[in-house]
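Quick notes on the structure that follows.
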Amino acid sequence: MRMKLEQIAAGLKEYELFCYRTAYYLLEQEHAATIAAQEALAELGGNRIFFEQQPRERKAWVRKAALKHALKIYAESLAERRI
1 MRMKLEQIAA GLKEYELFCY RTAYYLLEQE HAATIAAQEA LAELGGNRIF
51 FEQQPRERKA WVRKAALKHA LKIYAESLAE RRI
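The sequence shown lines up with residues 1 to 83 when you count with UniProt numbering.
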């Protein structure tokens with residue numbers, strides 16, 4: 001069964017602040033952390049299995065996605081500095 005956009009948004013909203021804080025912890029820059037959190041939540045929003053998990057597991061998925069996208073942004077910023 002397909003979830004409605006409103007259901008997806010409501011499910012992600014619950015983890016929005018946690019996702020941002022996780023990314024900010026690594027990046028220490030508001031703008032970069034916001035982008036990382038947006039990318040992480042967009043990725044999770046497209047994953048039906050994420051919404052089938054228990055809350056504790058969802059939080060772990062959010063942490064993992066936030067760190068993944070924060071590290072990607074961090075690596076990109078390092079590469080730009082070397083050019």
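Here a beta-carbon is modelled for each residue, glycine too, at the ideal position from N, C-alpha and C.
For clarity, every value in this text was computed on a predicted model and none was experimentally measured.
Which of helix, strand or coil DSSP assigns to Gly11: Working through the sequence shown from its first residue, we reach residue 11 at position 11. DSSP places Gly11 in helix when its eight states are reduced to three.
Boundaries of the alpha helix (DSSP H) in which Lys72 is found, first to last residue: Stepping through the sequence shown from its first residue, residue 72 is reached at position 72. It spans 55 to 82 - the alpha helix (DSSP H) in which Lys72 sits, taken as one unbroken run.
Secondary structure of Gly45, DSSP reduced to three states: The residue given as residue 45 occupies position 45 in the sequence shown. Here Gly45 sits in helix by DSSP.
Contact check, Tyr20 vs Ala33, beta carbons under 8 Å: By one-based count along the sequence shown, residue 20 stands at place 20. By one-based count along the sequence shown, residue 33 stands at place 33. Contact: yes.
Inter-residue Cα distance where the pair is Lys13 and Arg48: If you number the sequence shown from 1, residue 13 lands on position 13. If you number the sequence shown from 1, residue 48 lands on position 48. Computed Cα separation, rounded: 16 Å.
Stretch pair the region 68 to 76 + the region 24 to 43: three plus CB contacts closer than 8 Å: yes
Boundaries of the alpha helix (DSSP H) in which Glu16 is found, first to last residue: As a working mapping, residue 16 is identified with position 16 in the sequence shown. It spans 16 to 27 - the alpha helix (DSSP H) in which Glu16 sits, taken as one unbroken run.
Check whether Leu41 and Glu16 have beta carbons under 8 Å apart: Stepping through the sequence shown from its first residue, residue 41 is reached at position 41. Stepping through the sequence shown from its first residue, residue 16 is reached at position 16. Cβ atoms of Leu41 and Glu16: closer than 8 Å.
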